Amino acid sequence: MERLTIEPRPNWATEVQSQGLVYCYTGDQPYWDESAYYRFSADEVDRLEAATAELQRICLEAGQHIIDRNRFTELAIPVDAVSAIRQSWDAEPPAIYGRFDLAYDGRDIKLLEYNADTPTALLEASVVQWYWLQARFPHADQFNSIHERLVAKWRELKGYLAGPLYFAHA
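The numbers in the sequence shown follow numbering that gives the first Met the number 0, run straight up by one, and end at 169.
Okay, here's the thing in structure tokens:
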């Protein structure tokens, strides 16, 4: 893994906002940062993909373990919430999307946080990043199949939906 510095595009904020990332600044600081990017080898990508698949499996097993063995109090989950958690777990359709925050030094992969079924960073990672790559390195490829996987997942979940699903931001 290499971290490479690069000069941001002169019009990066306008470009990013036109792609829907309307919060490209947090206060004075840019939220979207084009001053550096990371380059991974194919082996590193394979290791990260295998690790995230394993982490997803482990997280689902852990959730099931907590429910099966009634370990809610150990996690300080209020007794009044347990019934709703059980019902939600049993009725939950397949997950749509999750994001792992990882620490990776090119060798060790560590889980920092898992945001399951929370679409945080989805726009940045699926749309804005793709357009950045096309603008800066049009012949390069990236390990990112978010768009394709979301399309497939929505097709899979169509039977769970009562009607059309709409998305908006404010």
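Every residue gets a Cβ at the ideal spot worked out from N, C-alpha and C, and that includes glycine.
Nothing here was measured: the structure is a model prediction, and the numbers come from that model.
Taking DSSP's pairing of strands, which residues face residue i in a bridge?
i	result
Pro137	None; Pro137 has no bridge partner.
Thr4	Ala35
Gly97	Ala115
Any idea what DSSP makes of residue i, helix, strand or coil?
i	result
Ile108	strand
Leu156	helix
Gln28	strand
Ala102	strand
Cys23	coil
Leu47	helix
Tyr130	helix
Arg56	helix
Gly62	helix
Ala83	helix
Arg68	coil
Ile214	In the structure as shown, the chain begins at 0 and stops at 169. Residue 214 is therefore absent and cannot be evaluated.
Are residue i and residue j touching if we call contact CB-CB under 9 angstroms?
i	j	result
Ser34	Thr4	yes
Gly19	Val126	yes
Trp153	Asn143	no
Ala167	Ile145	no
Pro7	Asp27	no
Phe71	Ile57	no
Leu47	Tyr103	yes
Write down the C-beta distance between residue i and residue j rounded to the nearest angstrom, noting that I regard them as a contact closer than 8 angstroms.
i	j	result
Pro93	Glu147	With 8 angstroms as the limit, Pro93 and Glu147 do not qualify as a contact, their Cβ atoms being about 16 angstroms apart.
Ala50	Ile108	5 angstroms
Next on the checklist: With a threshold of 8 angstroms, are at least 3 pairs of Cβ atoms found where one atom belongs to the segment 86–100 and the other to the segment 52–68?
Outcome noted: Short answer: they touch.
Next on the checklist: Assess contact between the segment 96–114 and the segment 131–141, defined as three or more Cβ pairs (one per stretch) separated by less than 8 angstroms. Is contact present?
Outcome noted: In short, these stretches do not touch, since the Cβ pair count stays below three.
Checklist entry - Three or more beta-carbon pairs under 8 angstroms between the segment 31–51 and the segment 0–15, yes or no? => result Contact between the segment 31–51 and the segment 0–15 is present: 3 or more CB-CB pairs across the two stretches fall below 8 angstroms.
Checklist entry - Do three or more CB pairs link the segment 118–125 to the segment 96–105 at distances below 8 angstroms? => result Contact between the segment 118–125 and the segment 96–105 is present, because at least three Cβ pairs lie under 8 angstroms.
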